[in-house]
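So the sequences go chain by chain: A and B. Using the working numbering, read the first sequence as starting at 3 and increasing by one per residue. Using the working numbering, read the second sequence as starting at 330 and increasing by one per residue.
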Amino acid sequence: GTRIIYDRAFLMQMRNSPHAK
Amino acid sequence: SPRPILKAGPGEHPLQFNYSIWFSRRSPGKQQNSTNYEQNIKLVGTFASVEQFWRFYSHMVRPGDLSGHSDFHLFKEGIKPMWEDEANKDGGKWIVRLRKGLASRCWENLILAMLGEQFMVGEEICGAVISIRFQEDIVSVWNKTASDHATTTRIRDTLRRVLNLPPNTIMEYKAHQDSLKDNSSF
Numbered sequence: 003g004t005r006i007i008y009d010r011a012f013l014m015q016m017r018n019s020p021h022a023k
Numbered sequence: 330s331p332r333p334i335l336k337a338g339p340g341e342h343p344l345q346f347n348y349s350i351w352f353s354r355r356s357p358g359k360q361q362n363s364t365n366y367e368q369n370i371k372l373v374g375t376f377a378s379v380e381q382f383w384r385f386y387s388h389m390v391r392p393g394d395l396s397g398h399s400d401f402h403l404f405k406e407g408i409k410p411m412w413e414d415e416a417n418k419d420g421g422k423w424i425v426r427l428r429k430g431l432a433s434r435c436w437e438n439l440i441l442a443m444l445g446e447q448f449m450v451g452e453e454i455c456g457a458v459i460s461i462r463f464q465e466d467i468v469s470v471w472n473k474t475a476s477d478h479a480t481t482t483r484i485r486d487t488l489r490r491v492l493n494l495p496p497n498t499i500m501e502y503k504a505h506q507d508s509l510k511d512n513s514s515f
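Structure representation (structure tokens):
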């Protein structure tokens, strides 16, 4: 099946998303 | 009854696997054995999405700010960070020794690589540990099959890349069965 892959830059960017607070 | 399976919330970014964070700390002067190891290890939380991960992680102490003999463990949900777990019993780990001051950055880079599925070794990754010690800190990455050379080589190469390690960094692979035999973790 498909793997859910995220690179570091994307994950770091998600750190500041309102859902992550 | 089994508890409901944790899922990514609406609009959140799901992870390939759910993960749990555990914390353990050795009481000063106490000899470690598998019984008090299991008693000392505490589940901090489990998450299924990128957003849920950051909600935990942003409120946690950075490993480099811990003192004494402490460990953070990040393992796939359902795998206990112990050799005895079914997923670990035939496995092993890469061990990387870090000079003081590098633990927080290396740990963050490592767990982001795990959550983002950067290792590309199928279901082989079980989890990772950062161990805060007096002289140096240690990161380790645990996989299911110690005898699978192609997998362990790929994990080593990915670790080198994501931790951005100096070329002379010593990395050691140890099967859990061997750790059991010589009664040591490092």
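C-beta: ideal position from N, C-alpha, C; glycine also.
Contact of A:A11 with chain B is not assigned, every C-beta pair being separated by 7 Å or more. Shown here for B:E453: same chain residues with a beta carbon closer than 8 Å to its own, the five before and five after excluded, namely N472, K473, T474, D477, T480 and I484 in chain order.
Sorting B:S469, B:K371, B:R428 and B:L431 by C-alpha distance to the C-alpha of B:G421 places B:S469 at the top.
When DSSP states are grouped into helix, strand and coil, B:D507 belongs to the helix group. In the three-state reduction of the DSSP assignment, B:H388 falls in the coil class. At a beta-carbon threshold of 8 Å, the residues of chain A lying near B:G445 are I7, Y8, D9, R10, F12 and L13, ordered along the chain. Judged by DSSP secondary structure, B:Y366 falls within the alpha helix (DSSP H) whose first and last residues are S363 to N369. Runs of alpha helix (DSSP H) with 4 or more residues, each lying fully within the region 375 to 448 of chain B, are found at 379 to 386 and 432 to 444, listed in chain order. By the rule that beta-carbons nearer than 7 Å mark a contact, B:E367 does not touch chain A.
Counting every other CB atom within 10 Å of its CB across the protein chains shown gives A:F12 a total below 16, marking it as exposed. For B:H388, there are no neighbours in chain A by C-beta distance under 7 Å, as the nearest C-beta there is about 10 Å away.
Only exposed fits B:H388, as fewer than 16 other CB atoms lie within 10 angstroms of its CB. Residue state for B:P496 is assigned as coil, using DSSP reduced to three classes. With its beta carbon less than 7 Å from one in chain A, B:L441 belongs to the interface.
Buried is the label assigned to B:V458, since at least 16 other Cβ atoms lie within 10 Å of its Cβ. The beta carbon of B:H342 sits closer than 6 Å to the beta carbons of S378 and V379 from its chain, once the five residues preceding and following it are set aside; these are given in chain order.
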